[in-house]
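J.: Sharing a structure with you now.
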Amino acid sequence: MIDQVPPQFSAIKVNGERAYHLARQGLPVRLPSRKVKISDITDIGFRVDEYGYGILLEGMEKPVMLPVVNCKIKCGSGTYIRSIARDLGEKLGCFGFLGGLRRTRVGQFDLERAVKVENVKAETVELIPLDNVLEGWARMDLNRADYDRIMRGQRIKVGGSFPGSYVSGYYEGKLVSILRYDNKLGSLKVYKNL
């Protein structure tokens, strides 16, 4: 676990407003550090060549090429890779930025199991059942009255709270809706009906 300060251009709310809105207005944004998990950093590579990033300084004909660091990072949710690049630059006494990002895994989904759209053939593709996709989400079994309200796009009151923001809504054993929990109102509202 490390302490990480999120980037100013992030979706984190500061006094009810997204940090990136404030940063784009040129307002100072102070975000508190938070604990994030970095499990592994591997395949570290370093290069300087004409295919990297360059800066054209005043009075120079050719840009100064910047060093590029490539690596694989295995981290927990909530980790900002942009912040890792920024912090690495600070440690080296210069600056750092994220030139590119490729997610290879999110939760149970792994890039190695992905299929390119142009290679999809209905009879050969093994689709992941939607119930498996939502594994780990809170589940709400709806009664008839709540089901009717949800299908009309109305909120439903719930007792208690849910561990995450999103809840899978089931009626008669079938997934019918993705719901979003509103902590302030103690209710579920429709995110997407299926």
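Each number in the working numbering comes from the position in the sequence shown (counting from 1) with 10 added on.
For every residue, glycine included, the Cβ atom is placed at its ideal position computed from N, Cα and C.
Could you pull the start and end residues of the beta strand (DSSP E) that residue 185 belongs to?
T.: Unbroken beta strand (DSSP E) run through residue 185: 184-192.
J.: Measure the alpha-carbon distance for residue 153 versus residue 202 and round it to whole angstroms.
T.: Roughly 18 Å separates the two Cα atoms.
J.: With a threshold of 8 Å on Cβ separation, who are the neighbours of residue 16 within its own chain once the five nearest residues in sequence on each side are excluded?
T.: So the qualifying residues of the chain are 22, 29, 41, 44, 90, 93.
J.: Less than 8 Å separating the beta-carbons of residue 96 and residue 86?
T.: No; because the gap between Cβ atoms is not below 8 Å, this pair is not in contact.
J.: Are there three or more Cβ pairs, one per stretch, closer than 8 Å when the region 179-186 is compared with the region 150-167?
T.: Yes, the region 179-186 is in contact with the region 150-167.
J.: What does a CB cutoff of less than 7 Å around residue 50 pick up in its chain, not counting 5 residues either side in sequence?
T.: 84, listed in sequence order.
J.: Using alpha carbons as the reference points, say which of 98, 35, 75, 79 lies closest to residue 14.
T.: The residue with the shortest Cα to Cα distance from residue 14 is 98.
J.: Short check: CB of residue 58 to CB of residue 75, under 8 Å?
T.: Cβ atoms of residue 58 and residue 75: closer than 8 Å.
J.: Do residue 198 and residue 186 have their C-beta atoms within less than 8 Å of each other?
T.: The answer is no: Cβ separation not under 8 Å.
J.: Here's a check: name, in chain order, each residue in its chain whose Cβ is nearer than 7 Å to the Cβ of residue 156, leaving out the five neighbours to either side.
T.: The residues are 166.
J.: Quick one: give me the first and last residue of the beta strand (DSSP E) that residue 199 is part of.
T.: Residues 197-203.
J.: Going by DSSP, what residue range makes up the alpha helix (DSSP H) through residue 154?
T.: That run of the alpha helix (DSSP H) goes 154-161.
J.: Mapping DSSP to helix, strand and coil, what is residue 9?
T.: Residue numbering for the chain in the displayed model covers 11 to 204; residue 9 lies beyond these limits and cannot be assessed.
J.: Looking at the strands, I want to know which residues DSSP matches up with residue 165.
T.: Partner(s): none; residue 165 has no beta bridge.
J.: Looking at the unbroken alpha helix (DSSP H) that takes in residue 69, where does it start and where does it end?
T.: That residue, residue 69, is in no alpha helix (DSSP H); it is neither H nor E in DSSP.
J.: State the beta-bridge partners of residue 81 as determined by DSSP.
T.: None, per the DSSP bridge assignment.
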